[in-house]
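One structure below.
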Amino acid sequence: MPFPDVKLANRPLHFLYLCDCSGSMAASGKMQALNQAIRQSLPGMAAVARDNPEARVLVRAVRFADHAAWHIETPTPVDQLEWRDLQAGGITAMGEALKLVAAALQTPPMEVRALPPVLVLISDGQPTDDFAAGLEALLRVPWAQKAVRLAIALGHDADLEVLQRFIGTEPATAGRSPRRPLQASNATSLAQYIQWASTAVVGAASMPASRVSETPLEPAAGNIPLPDLPPTVLDPTDDVGPLVW
Amino acid sequence: MSWILPEGASLDFEGLAAPLQIIRGLGGGTQGQVYEVELEGERLALKWYLPACIARDGGLERRLIASIRATAPNEDFLWPIALLRASPASRPLIRIRQESFGYLMPLRPPAYVGACEHAAGRLAIGLRQVLRACFGLADAFHALHLAGLCYKDVSLGNLFLEPGSGGILICDNDNVAVDGADHGAVLGTPGFMAPEVLLGQTRPGADSDLFSLAVLLFRLLTRHDPLKGQMELAIRCLDEPARRRLCGEDPVFIFDPVDDRNRPDPIEHAAALITWPIYPRPLQALFEQTFCRGMKQPSRRALTGQWKQELARTLDRRALCPACGQENFQASGAPALCWSCGAPLPEPMKLMLPHGSVLAAPDNELHPHHFDALAGEDLRRPLARVVAHPQDPRRLGLRNLSASAWSAETHDGRSQPVQPGESCSLAALARIQSPAGPIAVQRPTRPSPAT
Ligand SMILES: Nc1ncnc2c1ncn2[C@@H]1O[C@H](COP(=O)(O)OP(=O)(O)O)[C@@H](O)[C@H]1O
Ligand SMILES: [Mg+2]
Numbered sequence: 159m160p161f162p163d164v165k166l167a168n169r170p171l172h173f174l175y176l177c178d179c180s181g182s183m184a185a186s187g188k189m190q191a192l193n194q195a196i197r198q199s200l201p202g203m204a205a206v207a208r209d210n211p212e213a214r215v216l217v218r219a220v221r222f223a224d225h226a227a228w229h230i231e232t233p234t235p236v237d238q239l240e241w242r243d244l245q246a247g248g249i250t251a252m253g254e255a256l257k258l259v260a261a262a263l264q265t266p267p268m269e270v271r272a273l274p275p276v277l278v279l280i281s282d283g284q285p286t287d288d289f290a291a292g293l294e295a296l297l298r299v300p301w302a303q304k305a306v307r308l309a310i311a312l313g314h315d316a317d318l319e320v321l322q323r324f325i326g327t328e329p330a331t332a333g334r335s336p337r338r339p340l341q342a343s344n345a346t347s348l349a350q351y352i353q354w355a356s357t358a359v360v361g362a363a364s365m366p367a368s369r370v371s372e373t374p375l376e377p378a379a380g381n382i383p384l385p386d387l388p389p390t391v392l393d394p395t396d397d398v399g400p401l402v403w
Numbered sequence: 004m005s006w007i008l009p010e011g012a013s014l015d016f017e018g019l020a021a022p023l024q025i026i027r028g029l030g031g032g033t034q035g036q037v038y039e040v041e042l043e044g045e046r047l048a049l050k051w052y053l054p055a056c057i058a059r060d061g062g063l064e065r066r067l068i069a070s071i072r073a074t075a076p077n078e079d080f081l082w083p084i085a086l087l088r089a090s091p092a093s094r095p096l097i098r099i100r101q102e103s104f105g106y107l108m109p110l111r112p113p114a115y116v117g118a119c120e121h122a123a124g125r126l127a128i129g130l131r132q133v134l135r136a137c138f139g140l141a142d143a144f145h146a147l148h149l150a151g152l153c154y155k156d157v158s159l160g161n162l163f164l165e166p167g168s169g170g171i172l173i174c175d176n177d178n179v180a181v182d183g184a185d186h187g188a189v190l191g192t193p194g195f196m197a198p199e200v201l202l203g204q205t206r207p208g209a210d211s212d213l214f215s216l217a218v219l220l221f222r223l224l225t226r227h228d229p230l231k232g233q234m235e236l237a238i239r240c241l242d243e244p245a246r247r248r249l250c251g252e253d254p255v256f257i258f259d260p261v262d263d264r265n266r267p268d269p270i271e272h273a274a275a276l277i278t279w280p281i282y283p284r285p286l287q288a289l290f291e292q293t294f295c296r297g298m299k300q301p302s303r304r305a306l307t308g309q310w311k312q313e314l315a316r317t318l319d320r321r322a323l324c325p326a327c328g329q330e331n332f333q334a335s336g337a338p339a340l341c342w343s344c345g346a347p348l349p350e351p352m353k354l355m356l357p358h359g360s361v362l363a364a365p366d367n368e369l370h371p372h373h374f375d376a377l378a379g380e381d382l383r384r385p386l387a388r389v390v391a392h393p394q395d396p397r398r399l400g401l402r403n404l405s406a407s408a409w410s411a412e413t414h415d416g417r418s419q420p421v422q423p424g425e426s427c428s429l430a431a432l433a434r435i436q437s438p439a440g441p442i443a444v445q446r447p448t449r450p451s452p453a454t
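Taken in order, these protein sequences are the chains called A and B. Position in the first sequence counted from 1, then plus 158, gives you the numbering used here. Position in the second sequence counted from 1, then plus 3, gives you the numbering used here.
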């Protein structure tokens, strides 16, 4: 006879991409690389979601150029997600994107109980609107304060200072260097960072992984201890050298 | 996934006479990547560590060498077979600059699936199989602890189940160490860690294994977490500090008989409320022992031997509801109702053995420990199994799974032999003489309720 048909209690885990779609993203295939990286990461993300029955992983995406708008507005289970290509063109309304996310993280529409949300901001340039006002609006929302905030800088023109303010300045704890924006200088490293954020970080936020003594049990920033970054795997197909942004 | 080892390539490793072929990557975790490999025609698994993991855990190589020398406590562990380092010639084929190593272990057969599949409710599995898997876990940790070792990182992620039989396999054995001797890097997995380890008061060892084992058994038996009740519902964002409070600073068992602050919520935690009453009182009592008094006093936690005994006894009490067919685990004596459909359960026919008794329900088994007081509970080599008649499932028989003939005695004193592999109908029998010992058939004393 079958085991009683009972479901494990679970909590939603909201995962949000904030994607820079300004005109500069059209250069050197950056927009295509980002579309590819996200699309390629989805099967791995779905596998992590399957392995973590305590979490209901739901994905959304915001695009920002002249204005910010939802690219995927409905929180969508990963296995039902279809990634439509983002198009580049316009300026960089990053502050507006943060305001849009701030509104979405209010309760309601956010659930009363959830796992820490994961916010991933990807940009290759500087905000052209009022970033500070957007960040302030975002960080007033409790769910945004609790969120795991990651930033990926594309190429050398990205504004690292702005991205650092988005993820917050966490003092260096013993044995750990302070968190910095991830710097992707080519399509391979962008894909690795997107994969890491959508698998390892989602795993860490949804179900705790094994702890080792060096992991501070009570992280200073107080949400989720981040997993190790992926090792730099030497790409055997990189004979000609990757295109550097 | 970016694989560190080249799929399809053959690599030479120090200490291996033959080259090892990397068949394909199987998965990656926080510590390393696991590959299916072939060595001299045999399929094995290879775990290759990330440099960050090796750097963090200075004792890793030493522990692995000790485990390989000691060999596996029993066959349910995917135990390390050999430590591997690339030969100078193969070194350039490994796609990371830093020095690293790995170990060979048996490959998990395809019928075994991750235990989280059961936790998520995606596995077709019966209560008998779940209880057998729980017994297998207790048995494996019994063997490990008796060898003076501890595991340290018990969690759902390190367990595989075979849903058809309830067989188990335990992976990630690289934290195993002599209890109390080696200060390895791992602390455990939050949610499974004993409170004293989570709070940093002690290092993981055999006592904290007992806590984590009880959590894992509870999760397999109930599909719920022993500490997630009202107190979890009061948490809005379930992050690290919240888990620390819930599982470390003020942990309360959801079925604590005295402290009712953390009772399951009828809607959010329905799984726990439906499944917990299925299990007999003595089994529930071991959870209470571990999660109430044993919560703060590690030496009071239920031991592996107690779990083995009570889980084996629970399987002996298995009976099928005549109305709905669901599996029930009946307390001796008292009349009971089916947990699933509420129908009254008739008093079952019982097989009385020198050490214990087994209810006559299809698939229930007699084992050497039912006959020999000195034999520890072991489900691997059944001597007999209750079987339903192929034409009339209500007629039960007993199949001789031993290597020698039995003598079955009827009420009128006649006897007939039952050869190995044969079954005898229980209806007419008074007792069976087997070389292991006598099996007496006890019929219900009260009439079964009309159905
Ligand atoms: N012996 C094995 N046979 C087959 N698959 C395995 C074996 N050991 C581990 N795996 C798989 O490899 C993946 C990573 O394993 P694991 O060792 O648990 O990683 P980590 O401990 O680094 O998180 C998992 O998907 C696991 O199911
Ligand atoms: Mg593991």
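Backbone N, C-alpha and C define an ideal beta-carbon position, used for all residues, glycine too.
- For A:A246, the closest alpha carbon among the candidates A:S180, A:A204, A:L200, A:P285 is that of A:S180.
- B:F290 carries a helical assignment under DSSP once its states are collapsed to helix, strand and coil.
- In its chain, beyond the 5 residues on either side, N331, C341, S343, C344, A346, L348 have a beta carbon closer than 7 Å to the beta carbon of B:C324.
- Under DSSP, A:W354 takes part in no beta bridge, so it has no partner.
- Judged by DSSP secondary structure, A:I310 falls outside any alpha helix (DSSP H) and instead within the beta strand (DSSP E) spanning 306-312.
- Inter-segment contact for the region 354-374 of chain A and the region 212-219 of chain B is absent: fewer than three beta-carbon pairs are separated by less than 8 Å.
- Counted as a single uninterrupted DSSP element, the alpha helix (DSSP H) harbouring B:Q233 occupies residues 233-236.
- Between ligand 1 and the CB of B:T33, the shortest heavy atom gap is smaller than 7 Å.
- For A:R307, the CB contacts under 7 Å within the same chain, skipping 5 residues up- and downstream, are L277, F324, I325, G326 in chain order.
- Within a 10 Å sphere around the beta-carbon of B:C174 sit 16 or more other beta-carbons, which makes this residue buried.
- Within chain B, C240, D242, E243, P244 have C-beta atoms less than 9 Å from the C-beta of A:N381, given in sequence order.
- Rounded to the nearest whole angstrom, the CA to CA distance from A:A309 to B:V181 is 43 Å.
- By DSSP's assignment, A:Q264 forms no beta bridge with any residue.
- In the DSSP annotation of this structure, the continuous segment of the alpha helix (DSSP H) that includes B:L149 starts and ends at 130-149.
- Around the beta-carbon of A:A226, 16 or more other beta-carbon atoms lie within 10 Å, marking it buried.
- DSSP places A:V220 inside the beta strand (DSSP E), whose first and last residues are 213-222.
- Distance between B:C119 and B:A75, taken at the CA atoms: about 24 Å.
- Across the set B:R417, B:P207, B:P441, the C-alpha of B:R417 shows the shortest separation from the C-alpha of B:A431.
- Listed in chain order, the positions of the region 249-281 of chain B with a beta carbon within less than 8 Å of a beta carbon of chain A are E271, H272, A273, A274, I277, T278, I281.
- Per DSSP, the unbroken alpha helix (DSSP H) holding A:V320 starts and ends at 318-325.
- Within 7 Å of the C-beta of B:V37 there is at least one heavy atom belonging to ligand 1.
- Of all alpha-carbon atoms in A:K165, A:A295, A:S182, the one lying nearest the alpha-carbon of A:T286 is that of A:S182.
- Per DSSP, B:P385 has no beta-bridge partner at all.
- Distance from the CA atom of A:L318 to the CA atom of A:R298, rounded to whole angstroms, is 22 Å.
- Of the heavy atoms belonging to ligand 1, none sits nearer than 7 Å to the Cβ of B:C341.
- Here B:K299 carries a helix assignment [DSSP, helix/strand/coil].
- Restricting attention to beta strand (DSSP E) runs no shorter than 3 residues, the region 326-395 of chain B encloses them at 330-332, 353-356, 359-362, 387-391, ordered along the chain.
- Under the Cβ criterion of 8 Å, A:L216 is not counted among the residues facing chain B.
- For B:P193, the C-beta contacts it makes with chain A under 8 Å involve P366, R369, in order along the chain.
- A residue is called buried once 16 or more other Cβ atoms fall within 10 Å of its Cβ, and B:C327, having fewer, is exposed.
- Within the region 162-189 of chain B, the residues whose Cβ lies closer than 9 Å to some Cβ of chain A are D175, N178, H186, G187, A188, V189, listed in chain order.
- Where B:V157 is concerned, there is no enclosing alpha helix (DSSP H), because DSSP gives it neither an H nor an E.
- A residue is called buried once 16 or more other Cβ atoms fall within 10 Å of its Cβ, and B:P441, having fewer, is exposed.
- Close CB contacts of A:Q303 within its chain, under the 7 Å cut and outside five residues either way in sequence, are with L297 (chain order).
- The C-beta distance from B:I26 to B:P9 rounds to 11 Å, too long to fall under 8 Å, and the pair is not in contact.
- Beta-bridge partners of B:Q36 (DSSP): B:G31, B:W51.
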